[in-house]
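In my numbering, the protein residues as written are 2 to 501.
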């Protein structure tokens, strides 16, 4: 789930917003838990005002408010139009945020739990303000929150009925276009397709539609690395210099280990740099093209000391796979990951070639005149790779999950390494190519960029797999949040039976 921080000072606010409710909620008797009143702090008043802007969805009123009440330093860092786009997007995705509980009001900042009116999903939303009058906004942040604990258990039939109505609601509201598949022990519990795969020709999405996966490819890359480790062709403790001597520098190549690349703790950073933005997308076809476009020549921090999401690190892992296996990256994953899993609709095709059944990605553009759609097909390069950009279906991703759980791709110990956190490497919520969502009991990976919103969740203890793929920016997010809430409800204690 995307969460925006619009000033460096607001970093702590965003981190707080991302924590589970149990870790954040103040006791009912504490001052922080009291209802907001007219006597609240300046931050509390600004919080209510910003929520009111999101609720109304009036861009002209939002523009006037941002220009008058956001700090000049913040507006230099993030222009007014960017704030308006964020507020418009939040209104579109939620149709307003209903204030439910104040989690904290303190000097200079306020945090609250809110509920989206359209999707009924729970969020945390907070603002930070100046310490002196006129108390202008210096930052804001939001993120998903856990819903109240379910009071009774539901079954798979109720999950399916709920999701059927929910998908109809969010697709009808224009915030979801894509396919959904939820399965237990490999058997579908719910599946649905909604929206348009191609808006130019009115082509509907089907269960066989292929979607850009964005960063979900990282799971395939990590599985490939663990396969090669099992075969003795590399070690997770190998220095990068063994496979790519001299990259990004001879000294750095000695410090970076394979496990650092897998956990985003290598210090390499991203390839979405100003140099990358100046590169024509059609020139980005090979791993070497992406590495050259990134222009990396140093480390942002010592490997293993910090966590920083690194697309470049996964491209480098693709090169390691090529060196260790003697095959091109695409050939290796096709032969050793997709084929054994039965994933016949998954590939890394060039986007400027003919790609049957591939959904066109769309980003919403919000203006004072209304909402338009922008085709983003070639925004990030013409071909996917180890870090993202492949194409697949919900059915293929279910097959991948079941093959992974069933031992067809890696051994049990390798699966454990893939799907457990690595706090010793400063990676408490990320394993090897898999995100660890302890608060909902799932592992998997998401993918997101303009026009692409995807996710695979494996609820390992429940035997449940949930796949949501969308060709609309942020489209998968409300459906994913609903699925997680429902899976949690299937674990709730059964309702007590009254004595007769």
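Built from N, CA and C at the ideal position, the CB exists for glycine as well. Remember, predicted model here, so these are calculated numbers, not experimental data.
Annotation: residue 261 to residue 208 spans about 37 angstroms, alpha carbon to alpha carbon. Assignment of residue 199 by DSSP, reduced to helix, strand and coil, places it in the strand class. In the DSSP annotation of this structure, the continuous segment of the beta strand (DSSP E) that includes residue 450 starts and ends at 443 to 450.
Considering only 60, 435, 173 and 104, the residue with the shortest C-alpha distance to residue 216 is 435. Listed in chain order, the non-local C-beta contacts of residue 475 below 8 angstroms within the same chain comprise 3, 90, 94, 176, 449 and 454, local neighbours out to five positions each way being set aside. A straight line joining the alpha-carbon of residue 421 with that of residue 439 spans about 10 angstroms. Distance from residue 221 to residue 470 at the Cβ level is roughly 15 angstroms; contact not present, criterion being Cβ atoms closer than 8 angstroms. Distance from the CA of residue 414 to the CA of residue 477, rounded to the nearest whole angstrom, comes to 31 angstroms.
With fewer than 16 other CB atoms across the displayed protein chains lying within 10 angstroms of its CB, residue 69 is exposed.
Collapsing the DSSP output to three states places residue 320 in a helix. In this structure residue 391 does not touch residue 352 by the C-beta definition: roughly 11 angstroms separates them, more than the 8 angstroms allowed. For the segment 349 to 430, the continuous beta strand (DSSP E) assignments of 3+ residues that do not extend past its boundaries occur at 363 to 368 and 371 to 376, in sequence order. Within its own chain, the residues whose Cβ lies closer than 7 angstroms to the Cβ of residue 151, once the five positions on either side in sequence are excluded, are 489, 490 and 493, listed in chain order. Counting only residues of its own chain and dropping the five nearest sequence neighbours on each side, residue 417 has no CB closer than 6 angstroms to any other CB. Residue 100 is bridged by DSSP to 115. When the beta-carbon positions are compared, residue 315 and residue 219 come within less than 7 angstroms of each other.
Apart from the 5 residues on each side of it in sequence, residue 481 sits with its Cβ closer than 6 angstroms to the Cβ of 456 and 469 in its chain, given in chain order.
Within 10 angstroms of the beta-carbon of residue 432 lie 16 or more other beta-carbons, which makes it buried. For the beta strand (DSSP E) assignment, the uninterrupted runs of no fewer than 3 residues enclosed by the segment 114 to 182 are, from N- to C-terminal side, 123 to 130 and 138 to 145.
With distances taken between CA atoms, residue 403 lies nearest to 343 out of 370, 343, 246 and 92. Ranked by Cα distance from residue 117, the options 178, 485, 487 and 479 are led by 479. With respect to the 7 angstroms criterion, residue 75 and residue 63 are not classified as neighbours on the basis of their beta carbons. When the beta-carbon positions are compared, residue 161 and residue 202 stay at least 7 angstroms from each other. Going by beta carbons, residue 465 and residue 154 fall outside the 7 angstroms limit. Between the segment 290 to 299 and the segment 264 to 272, the count of Cβ pairs shorter than 8 angstroms is three or higher; the stretches touch.
Residue 264 sits buried, since 16 or more C-beta atoms from the chains shown fall within 10 Å of its C-beta.
Residue 48 and residue 98 do not touch by the CB rule: their CB atoms are close to 11 angstroms apart, not below 8 angstroms. In terms of Cα proximity to residue 187, the closest of 485, 239, 250 and 467 is 467. In the DSSP assignment, residue 437 falls within the unbroken beta strand (DSSP E) covering 436 to 438. Take residue 302, set aside five residues on each side of it, and the residues of its chain with a beta-carbon closer than 7 angstroms to its own are 268, in chain order. In this chain, the alpha helix (DSSP H) harbouring residue 481 covers 477 to 491. Straight through space, the alpha carbons of residue 198 and residue 423 are spaced by roughly 38 angstroms. A direct Cα-Cα distance of roughly 6 angstroms separates residue 180 from residue 195. Residue pairing by DSSP places residue 455 opposite 448 and 470 in a beta bridge. Residue pairing by DSSP puts residue 193 in a beta bridge opposite 181. Here the C-alpha atom of residue 299 lies approximately 27 angstroms from the C-alpha atom of residue 419.
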